[in-house]
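Position in the sequence shown (from 1) plus 3 gives the number in our numbering.
For reference, the structure is listed below as structure tokens.
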Amino acid sequence: MKITVLGSLGNINSSYLPRLIADGHDVTVITSSKDRIADIEALGAKPAVGSNRDINFLTQAFAGSDVVYLMISGINPVSGIDMWQTAIELSEIYKTAVQNSGVKNIVNLSSVGSDNPNAGILYFYHFAEDALNSLEGVNVAHIRPVGFYSNLFADMQSLKTQQTLFSAISADTTQGWVSPVDIADVAYALISHTPAGKSAKFVVSDWATGNDWLKALAENGIEAKYQQIPVEALADVMKKIGFHEDTADRFAQMNRACENADEFYTSLRATDFHFGKVKLRDFAKVFADVYKKSV
4 MKITVLGSLG NINSSYLPRL IADGHDVTVI TSSKDRIADI EALGAKPAVG SNRDINFLTQ
64 AFAGSDVVYL MISGINPVSG IDMWQTAIEL SEIYKTAVQN SGVKNIVNLS SVGSDNPNAG
124 ILYFYHFAED ALNSLEGVNV AHIRPVGFYS NLFADMQSLK TQQTLFSAIS ADTTQGWVSP
184 VDIADVAYAL ISHTPAGKSA KFVVSDWATG NDWLKALAEN GIEAKYQQIP VEALADVMKK
244 IGFHEDTADR FAQMNRACEN ADEFYTSLRA TDFHFGKVKL RDFAKVFADV YKKSV
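See below:
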């Protein structure tokens, strides 16, 4: 098959692209950076350099593809960008490029919360889901992962300076966590065989509380305490470091939603979600290695 993917050589793509190439597929990787060309070619894929905001470029890149893998990407929240509005714009760009190119199979990286209006910033993923689902005659499979383990790297500085984890979510609240490796397994399967119609697949690697995270860190020689902070304080910090005001407020709402875990994960638990293999204790070892090297 001819497969085109957005996301360059990010953590998810890097995990499944070698498998698609080994299967003999003709793979094109879209990247915004010419610096990635050599690495993409080294994998055995073809680079396509351009912007995910350029409809003509995307249409040309998608043309002739049996499957296209999409994601809302290229958003740096610290730059002050309005993530909500950007998601709206990219969703319409993707929809138009798919229409213009005639692609019939789409795999779209979405998120938990995309179907929940109370999920704060995560709900912006519904714009892409809705736009792509409106395409007639196109099979669309959405991947809805929970929170990335890599988000926990935000704790690194406070661990080093104050031996404290600060969170707007209580230490007893169970949250879903996911590794790019487990998302990649789902992406590989859906790209290889995209289901007919419109569908969604949730992805979870492990369930864990803040206390579980403290325990996993302690097992790797990192002792810390947990301090819950008001969501308003979190939003204020985000605004001070460069987040758009609306984006920061929506992140605060996301934390409010996560605090009520039973409601937040209702739709996920009602499905046959993919339960991955990379557990919190596995990630804690990776985290500890980075922590010790950077001390």
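For glycine and all other residues, C-beta sits at the position ideal for the given N, C-alpha and C.
Treat the numbers as computed from the prediction; the structure is a model and nothing was measured.
To which residues does DSSP link residue i through a beta bridge?
i, result
"VAL181", "PHE151"
"THR167", "LYS228"
"ASP252", "Looking at the DSSP assignment, ASP252 forms no beta bridge with any residue, so it has no partner."
"LYS242", "Answer is none; LYS242 lacks a bridge partner."
"THR7", "THR31 and VAL71"
What whole-angstrom Cβ distance do residue i and residue j have, given they're in contact under 8 Å?
i, j, result
"ASP69", "ILE6", "7 Å"
"ILE15", "ALA187", "5 Å"
"ASN223", "ALA287", "5 Å"
"LEU12", "ILE43", "7 Å"
"THR250", "ASP85", "6 Å"
"GLY279", "VAL206", "7 Å"
Can you tell me the Cα-Cα spacing of residue i and residue j, whole angstroms?
i, j, result
"GLU92", "ALA221", "44 Å"
"LEU112", "GLU132", "9 Å"
"GLY179", "THR31", "32 Å"
"ASP29", "ASP252", "43 Å"
"GLY245", "TYR126", "21 Å"
"ALA25", "TYR191", "12 Å"
"TYR234", "THR176", "Per the sequence presented here, residue 234 reads as Val, with Tyr not at that position. VAL234 and THR176: Cα-Cα distance of roughly 15 Å."
"HIS129", "PHE254", "16 Å"
"PRO198", "LYS204", "11 Å"
"LYS49", "ALA236", "46 Å"
"TYR19", "SER182", "13 Å"
"GLY77", "GLY10", "9 Å"
"GLY83", "VAL240", "13 Å"
"TYR97", "GLU226", "45 Å"
"ALA238", "ILE194", "37 Å"
"SER104", "GLY47", "24 Å"
"ALA171", "SER117", "21 Å"
"GLN256", "TRP87", "13 Å"
"ALA64", "GLN102", "13 Å"
Ignoring anything shorter than 3 residues, give me the beta strand (DSSP E) runs that lie fully in the region 93-155, in order along the chain.
108-112 and 142-148
Count the C-beta pairs between the region 281-288 and the region 211-227 that are closer than 8 Å, then say yes if the count reaches three, no if not.
yes
Using 8 Å as the cut-off, can you tell me whether the region 46-57 makes contact with the region 18-36, which would need three or more C-beta pairs spanning the two stretches below that distance?
yes
Stretch pair the region 157-166 + the region 225-239: three plus CB contacts closer than 8 Å
yes
When the Cβ atoms of the region 193-211 are set against those of the region 266-278, are three or more pairs found closer than 8 Å?
yes
Enumerated in chain order, which unbroken segments of the beta strand (DSSP E) with a length of 3 residues or greater are wholly contained in the region 25-75?
29-34, 49-52 and 70-74
Any chance you could list the alpha helix (DSSP H) runs of at least 4 consecutive residues sitting entirely within the region 259-292, in chain order?
264-267 and 269-272
Measuring CB atoms only, is the region 100-111 touching the region 70-87, in the sense that at least three cross pairs come out at less than 8 Å?
yes
Identify every run of the beta strand (DSSP E) within the region 192-237, keeping only runs that are complete inside it and at least 3 residues long; order them along the chain.
201-207, 209-211 and 228-231
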